[in-house]
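Asker: So in the numbering used here, the last one in the sequence shown is 482, and the numbering has no gaps at all. In this text, a Cβ means the ideal position worked out from N, Cα and C, and glycines have one as well.
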Amino acid sequence: MGVHEECGVFGIFSPRTADVAHITYYGLYALQHRGQESCGITINDDGVFYSYKDLGIVSEVFNSERINSLPKGSIAVGHVRYGTTGAANRNNCQPIEVNHIKGSLAVAHNGNLSNAVKLRSELELSGAIFHTTSDTEIIAYIITRERLSSSSIEEAVQKAMAYFEGAYSLVLMSPQKLICVRDPYGFRPLCYGVTPDGIYVVASESCALNAVGAEFVRDVEPGEILIFSKEGVVSERERCNKYARKFCVFEYIYFSRSDSVIDGVSVHLSRVRAGEILAEEFPVKADMVIGAPDSGTDAAIGFSAASKIPYGVGLIKNKYIGRTFIYPDQSLRIDGVRIKLSAVKSSVKGKKIVIVDDSIVRGNTVKHVVELLREAGALEIHVRISSPPFLHPCYYGTDVDSEDYLIANGRTVKEIGEIIGADSLAFFPVARLGELCDDKGCCDACFSGEYPTDIPENVCKNKFEQKISESKKA
Numbered sequence: 009m010g011v012h013e014e015c016g017v018f019g020i021f022s023p024r025t026a027d028v029a030h031i032t033y034y035g036l037y038a039l040q041h042r043g044q045e046s047c048g049i050t051i052n053d054d055g056v057f058y059s060y061k062d063l064g065i066v067s068e069v070f071n072s073e074r075i076n077s078l079p080k081g082s083i084a085v086g087h088v089r090y091g092t093t094g095a096a097n098r099n100n101c102q103p104i105e106v107n108h109i110k111g112s113l114a115v116a117h118n119g120n121l122s123n124a125v126k127l128r129s130e131l132e133l134s135g136a137i138f139h140t141t142s143d144t145e146i147i148a149y150i151i152t153r154e155r156l157s158s159s160s161i162e163e164a165v166q167k168a169m170a171y172f173e174g175a176y177s178l179v180l181m182s183p184q185k186l187i188c189v190r191d192p193y194g195f196r197p198l199c200y201g202v203t204p205d206g207i208y209v210v211a212s213e214s215c216a217l218n219a220v221g222a223e224f225v226r227d228v229e230p231g232e233i234l235i236f237s238k239e240g241v242v243s244e245r246e247r248c249n250k251y252a253r254k255f256c257v258f259e260y261i262y263f264s265r266s267d268s269v270i271d272g273v274s275v276h277l278s279r280v281r282a283g284e285i286l287a288e289e290f291p292v293k294a295d296m297v298i299g300a301p302d303s304g305t306d307a308a309i310g311f312s313a314a315s316k317i318p319y320g321v322g323l324i325k326n327k328y329i330g331r332t333f334i335y336p337d338q339s340l341r342i343d344g345v346r347i348k349l350s351a352v353k354s355s356v357k358g359k360k361i362v363i364v365d366d367s368i369v370r371g372n373t374v375k376h377v378v379e380l381l382r383e384a385g386a387l388e389i390h391v392r393i394s395s396p397p398f399l400h401p402c403y404y405g406t407d408v409d410s411e412d413y414l415i416a417n418g419r420t421v422k423e424i425g426e427i428i429g430a431d432s433l434a435f436f437p438v439a440r441l442g443e444l445c446d447d448k449g450c451c452d453a454c455f456s457g458e459y460p461t462d463i464p465e466n467v468c469k470n471k472f473e474q475k476i477s478e479s480k481k482a
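Printed below as a string of structure tokens:
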């Protein structure tokens with residue numbers, strides 16, 4: 009509990025004028041789990057861009073009046089954000105738009121450039137002026153710079169990729185084309201499909217294709233550039249197979265929606281398998297298995313099936329707590345966890361319980377959950393986590409930017425179990441992570457410390473805000 013998602017991207021190309029705003033709205037709704045800080049939509053109506061973006065979830069930002077005010081068009085780009093670089097303010101909302109001598113460009117980005125500080129410093133020294141503190145603007149700036157000396161937008165994107173390090177799944181819109189790009193490691197997901205009436209749809213996850221009635225075609229390959237235009241779909245694969253695939257394994261563990269299929273692997277079945285492996289590796293005698301709602305449910309089902317311990321409902325989640333919920337003041341003796349979660353006393357009282365969750369970061373939430381179950385009368389509480397212990401920062405789009413607040417840092421599993429008050433605790437074994445993605449290659453650096461790229465010096469989420477603050481003092 010406690011790891012934040014990164015972002016979700018969505019794009020649409022129609023061979024004719026269509027209500028692309030509403031289609032994008034529904035696509036973003038399906039991707040809402042990937043980011044709740046802000047969202048935005050940019051419409052291309054015959055080469056003219058119309059955009060709206062703001063802080064909030066999709067239903068807050070795009071009410072009926074707002075979405076109906078956007079024109080029909082033939083291309084659109086949408087984005088939901090949880091920022092891993094840059095603070096939560098309106099300037100950092102995406103898509104980011106650029107107007108230059110060769111036309112307009114809109115960019116939506118999922119991921120995190122590990123060399124963002126270096127690139128931004130070089131650009132600023134050459135005279136670039138930034139209006140946001142997001143690494144997405146760096147991407148837009150470099151693509152625009154390369155476009156000035158390129159014969160096409162796709163050529164500019166190809167040149168720009170030589171400068172980018174780290175994770176980036178991009179959806180870009182020019183006056184005539186929709187382009188999607190996946191970094192050569194394939195850290196973050198990206199796929200496309202087509203509707204029955206020939207509209208192409210690009211999305212972070214296949215669940216968004218289903219939401220708008222598009223049939224899944226395939227995943228974008230690591231390093232691939234796909235160009236959608238009136239001429240059809242063109243694939244450029246110059247940077248494919250440049251590196252071994254390093255897909256973020258935490259997409260299968262937690263980030264992605266259970267009904268998505270990523271790189272040929274069902275997210276739901278991957279999580280069920282994680283629960284089965286936990287039961288095999290760390291068996292326990294208990295009366296009931298429960299999942300931490302909703303992130304631990306699939307793995308709990310797998311643990312129950314493999315252990316033959318009945319699955320039950322022991323916790324209920326308040327589904328009406330959203331971004332605008334006002335959390336209790338320190339002066340109020342109200343536990344925020346109790347507002348979000350409640351134990352089902354009739355299910356857990358007098359029983360030995362196994363609770364399965366996806367992760368432990370700081371340990372605060374799971375500690376409170378254990379307390380809830382104890383108060384409800386559980387005799388024993390055995391915690392099983394479907395990911396290994398978080399030991400290292402992530403530089404590729406997951407909000408784990410420091411070892412300092414990680415409960416597993418410098419502690420044994422037994423010590424962590426004592427802190428959270430569990431009768432026993434076990435984490436998913438690092439050595440078996442490959443089984444969750446059919447051994448197709450995954451990044452497990454936040455667990456193992458083995459990074460596929462160079463490690464940046466400054467990893468703080470708000471590093472560019474810090475830079476601005478320092479310059480003002482000077």
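Specify, as a first and last residue, the run of the alpha helix (DSSP H) that T141 falls within.
Answerer: For this step, residue 141 is matched to residue 133 along the sequence shown. That residue, T141, is in no alpha helix (DSSP H); it is neither H nor E in DSSP.
Asker: Are three or more beta carbon pairs between the segment 252–261 and the segment 192–211 nearer than 8 Å?
Answerer: Verdict: yes, contact present.
Asker: By DSSP, does G310 sit in helix, in strand, or in coil?
Answerer: Against the sequence shown, residue 310 aligns to sequence position 302. If DSSP states are grouped into helix, strand and coil, G310 belongs with the helices.
Asker: DSSP puts Y176 in a beta bridge; with which residues?
Answerer: Reading the sequence shown from its first residue, position 168 is the one you call residue 176. Paired residues: G119.
Asker: Counting along the chain, where does the alpha helix (DSSP H) carrying K375 start and finish?
Answerer: Reading the sequence shown from its first residue, position 367 is the one you call residue 375. 372–383 is the span of the alpha helix (DSSP H), which, as asked, contains K375.
Asker: Give the secondary structure of Y58 by DSSP, where H, G and I count as helix, E and B as strand, and everything else as coil.
Answerer: Numbered from its first residue, the sequence shown carries residue 58 at position 50. Looking at Y58 - three-state DSSP - the assignment turns out to be strand.
Asker: Could you please give me the residues that DSSP links to C199 through a beta bridge?
Answerer: By one-based count along the sequence shown, residue 199 stands at place 191. A211, D227, per the DSSP bridge assignment.
Asker: Who are K325's beta bridge partners in DSSP?
Answerer: The sequence position of residue 325 within the sequence shown is 317, counting from 1. In DSSP, K325 forms a bridge with L349.
Asker: Counting only runs that start and end within the segment 432–471, where is the alpha helix (DSSP H) found for 4 or more residues in a row?
Answerer: Taking only runs of at least 4 residues, the alpha helix (DSSP H) segments lying wholly in the segment 432–471 are 453–456.
Asker: With DSSP as the reference, label S477 as helix, strand or coil.
Answerer: Here residue 477 refers to the residue found at position 469 when the sequence shown is read from its first residue. In this prediction, S477 has a pLDDT of 49, which is less than 50 and means its spatial position is unreliable; nothing more can be read from the coordinates.
Asker: Are the segment 180–190 and the segment 143–161 touching, with three or more C-beta to C-beta distances below 8 Å?
Answerer: Because the criterion of three Cβ pairs below 8 Å is met, the segment 180–190 and the segment 143–161 touch.
Asker: Roughly how many whole angstroms lie between the Cα atoms of R370 and E229?
Answerer: For this step, residue 370 is matched to residue 362 along the sequence shown. For this step, residue 229 is matched to residue 221 along the sequence shown. Approximately 35 Å, taken between the alpha carbons.
Asker: Roughly how many whole angstroms lie between the Cα atoms of P437 and P396?
Answerer: Reading the sequence shown from its first residue, position 429 is the one you call residue 437. Reading the sequence shown from its first residue, position 388 is the one you call residue 396. Those two C-alpha atoms are separated by around 6 Å.
Asker: Between which two residues does the alpha helix (DSSP H) harbouring L131 extend?
Answerer: As a first step, residue 131 is located in the sequence shown; it is residue number 123 there, counting from the start. Segment 124–133, the alpha helix (DSSP H) holding L131.
Asker: Between which two residues does the alpha helix (DSSP H) containing H276 stretch?
Answerer: As a working note, residue 276 is residue 268 in the sequence shown. From DSSP, the alpha helix (DSSP H) with H276 extends over 275–289.
Asker: So, for Q184: in the same chain, excluding its five sequence neighbours on each side, which residues have a beta-carbon less than 7 Å away from its beta-carbon?
Answerer: On the sequence shown, residue 184 is found 176 positions in, with the first residue counted as 1. Correct list, in chain order: S237.
Asker: Can you tell me the Cα-Cα spacing of I317 and K359, whole angstroms?
Answerer: Position 309 of the sequence shown, counted from the start, is the residue given in the question as residue 317. Position 351 of the sequence shown, counted from the start, is the residue given in the question as residue 359. Rounded to whole angstroms, I317 to K359 spans 12 Å at the Cα level.
Asker: Just verifying my parser: in three-state terms, what is the DSSP assignment at L156?
Answerer: As a first step, residue 156 is located in the sequence shown; it is residue number 148 there, counting from the start. Three-state DSSP puts L156 in coil, outside helix and strand.
Asker: Do A351 and L380 come within 7 Å of each other at the CB atom, strictly closer than that value?
Answerer: The residue labelled residue 380 in the question sits at position 372 within the sequence shown. The residue labelled residue 351 in the question sits at position 343 within the sequence shown. Yes, Cβ-Cβ distance for L380 and A351 is below 7 Å.
Asker: R247 and M296: beta carbons closer than 7 Å?
Answerer: On the sequence shown, residue 247 is found 239 positions in, with the first residue counted as 1. On the sequence shown, residue 296 is found 288 positions in, with the first residue counted as 1. Not in contact: R247 and M296 (Cβ atoms no closer than 7 Å).
Asker: In this structure, does DSSP put L63 in helix, strand or coil?
Answerer: Here residue 63 refers to the residue found at position 55 of the sequence shown. The answer is strand: DSSP assigns L63 an E or B state.
Asker: For S355, name the three-state secondary structure that DSSP assigns.
Answerer: Counted from its first residue, the sequence shown places residue 355 at position 347. The answer is helix: DSSP assigns S355 an H, G or I state.
Asker: Short of 6 Å in beta carbon distance, which residues of its chain neighbour S214, apart from the five on each side in sequence? Order them along the chain.
Answerer: For the purposes of this step, residue 214 is identified with residue 206 of the sequence shown, where counting begins at 1. Counting only Cβ-Cβ distances below 6 Å, and skipping sequence neighbours, we find C199, F224, S268, V269.
Asker: Could you check if P204 is buried or exposed, using at least 16 other CB atoms within 10 Å of its CB as the buried criterion?
Answerer: As a working note, residue 204 is residue 196 in the sequence shown. The residue in question, P204, is exposed, as its Cβ has fewer than 16 Cβ neighbours within 10 Å.
Asker: Nearest to G418 by CA position, among F398, N107, L113, is which residue?
Answerer: Mapped onto the sequence shown, residue 418 falls at position 410. It is F398.
Asker: Taking C-beta to C-beta, are P103 and G174 nearer than 7 Å?
Answerer: One-based indexing of the sequence shown puts residue 103 at position 95. One-based indexing of the sequence shown puts residue 174 at position 166. Taking 7 Å as the Cβ cut-off, P103 and G174 do not qualify as a contacting pair.
Asker: How is I104 classed by DSSP in three states: helix, strand or coil?
Answerer: Here residue 104 corresponds to residue number 96 of the sequence shown, with the count starting at 1. Correct three-state label for I104: strand.
Asker: Can you tell me the Cβ-Cβ gap for V28 and H117, rounded? I've got them flagged as a contact below 8 Å.
Answerer: Here residue 28 refers to the residue found at position 20 when the sequence shown is read from its first residue. Here residue 117 refers to the residue found at position 109 when the sequence shown is read from its first residue. Rounded, the Cβ-Cβ distance is 20 Å, inconsistent with contact.
Asker: On the DSSP letters alone, give me the boundaries of the alpha helix (DSSP H) that G35 sits inside.
Answerer: Numbered from 1 along the sequence shown, position 27 holds the residue referred to as residue 35. First-last of the alpha helix (DSSP H) with G35: 28–38.
Asker: Where does Y319 fall in DSSP's three states?
Answerer: Locating residue 319 in the sequence shown gives position 311, where the first residue counts as 1. Of the three classes helix, strand and coil, the one that applies to Y319 here is strand, per DSSP.
Asker: Whose C-beta lies closer than 6 Å to the C-beta of R128 among residues of the same chain, with five residues either side of it excluded?
Answerer: Position 120 of the sequence shown, counting from 1, holds the residue named residue 128. Around R128: I146.
Asker: Indicate the three-state DSSP secondary structure (helix, strand or coil) for M9 in the structure shown.
Answerer: Working through the sequence shown from its first residue, we reach residue 9 at position 1. Unreliable positioning characterises M9 in this predicted model, as indicated by a pLDDT of 44, which lies under 50. A coordinate reading is not provided.
Asker: List the endpoints of the continuous beta strand (DSSP E) containing K360.
Answerer: By 1-based counting over the sequence shown, the position of residue 360 is 352. Its beta strand (DSSP E) spans residues 360–365.
Asker: Would E239 be called buried (16 or more neighbouring beta carbons within 10 Å of its own) or exposed?
Answerer: Here the question's residue 239 lines up with position 231 in the sequence shown. So E239 ends up on the exposed side.
Asker: Look up N52 in the DSSP assignment and say whether it is helix, strand or coil.
Answerer: Position 44 of the sequence shown holds residue 52. Strand at N52.
Asker: If we ignore side chains and look at the alpha-carbon of each, how far apart do R24 and E458 end up?
Answerer: To locate residue 24, count along the sequence shown from 1; it is residue 16. To locate residue 458, count along the sequence shown from 1; it is residue 450. R24 and E458: Cα-Cα distance of roughly 47 Å.
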